[in-house]
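To keep things clear, I will list the structure first and then write my remarks on it.
Residue numbers (my numbering): 85 to 352.
Given below as structure tokens:
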């Protein structure tokens with residue numbers, strides 16, 4: 085259960101998410117704090133945690149199989165942050181080896197904020213694997229209750245550092261506060277690294293503040309010791325054209341995540 089907070093002060097557990105199980109329906113919500121915003125808009129990576137956690141918990145009720153995120157596609161509107169957003173999950177395919185969900189995120193008046201599709205691989209437990217915890221919906225609601233929130237901007241709290249803004253090169257160390265219980269960089273922190281790379285590139289090249297609204301992530305392999313560094317290729321001539329991002333674990337000498345993304349100018 086890689087999106088259940090394992091450490092009280094881990095960065096992913098302090099993003100302002102809560103879980104709810106009411107009348108047989110499991111949902112999750114986000115109450116943004118200033119630390120999770122970029123130019124007054126909720127970061128796409130923060131929404132990716134909400135989406136991944138909701139869909140993963142909804143699916144991962146099998147004690148004999150691990151449920152691992154393989155890909156996530158997210159589209160969000162660059163709206164001023166709502167005081168509260170609610171995410172609902174729909175399982176659109178549940179096979180023996182894989183599953184797919186769609187997630188809708190709405191604001192207080194039911195206005196669309198974001199939409200996502202997310203895929204999972206189901207890997208049977210092997211002899212010698214550690215015991216696999218299962219978390220009921222009631223337990224998840226309790227686990228996410230009253231979690232502390234960030235006391236520094238998310239990018240700073242995660243330690244993402246800019247190497248070359250105009251080229252979209254950023255880097256992050258793989259630290260316990262960014263890892264999930266499986267010992268790899270938590271999925272939303274992977275999304276954050278890609279997001280920072282794209283916003284740096286778009287802002288540097290356009291001279292205008294930019295916000296990432298589109299993320300398509302393909303998780304290729306687990307991170308190891310790190311650091312994880314980005315490389316970016318523009319798919320066009322303009323700073324707000326789509327971009328391809330590859331995240332590479334320098335300790336492995338290999339790519340760990342492939343990302344397609346787009347940033348837009350921050351609305352005025």
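Note that CB positions come from ideal geometry on N, CA and C, so glycine has one too. Keep in mind it's a predicted model, so treat the numbers as computed, not measured.
Contact between the segment 225-240 and the segment 114-121 is present: 3 or more CB-CB pairs across the two stretches fall below 8 Å.
Distance from the Cα of residue 306 is smallest, within the candidate group 250, 263, 252 and 216, for 263. Beta-bridge pairing by DSSP links residue 206 to 151. Proximity to residue 327 across 218, 182, 253 and 132 peaks at 253, based on C-alpha coordinates. Sequence-distant partners of residue 149 (beyond 5 residues in either direction) whose C-beta falls short of 7 Å from its own C-beta, in its chain, are 206, 207, 208 and 209. Take the alpha-carbon of residue 159 and the one of residue 201: they are about 9 Å apart. Residues 293, 295 and 350 of the same chain have their beta carbon placed closer than 7 Å to that of residue 123, with the five preceding and five following residues left out of the count. Linking residue 313 to residue 176 through their CA atoms gives a straight-line distance of about 34 Å.
The C-beta separation of residue 166 from residue 192 comes to about 6 Å, placing the pair in contact by the 8 Å criterion.
Assigned with DSSP and collapsed to three states, residue 145 falls in coil, not helix or strand. Boundaries cannot be given for residue 94, as no beta strand (DSSP E) includes it and DSSP labels it neither H nor E. Contact annotation: residue 344 and residue 300 have beta-carbon atoms nearer than 7 Å. Within the same chain, and ignoring the five residues on either side of residue 218 in sequence, the residues whose Cβ sits closer than 8 Å to its Cβ are 85, 144, 145, 146 and 147.
Here the C-alpha atom of residue 283 lies approximately 11 Å from the C-alpha atom of residue 251. Look at residue 133 here: in three-state DSSP terms it is helix. Per DSSP, reduced to three states, the secondary structure at residue 274 is helical. Less than 7 Å divides the Cβ of residue 242 from the Cβ of residue 276. The secondary-structure analysis by DSSP pairs residue 123 with nothing; it has no beta-bridge partner. Taking C-beta separations shorter than 8 Å and ignoring five residues to either side along the sequence, the partners of residue 161 in its chain run 196, 197, 198 and 297, following chain order. By the neighbour-count definition (other C-beta atoms within 10 Å, threshold 16), residue 132 is a buried residue.
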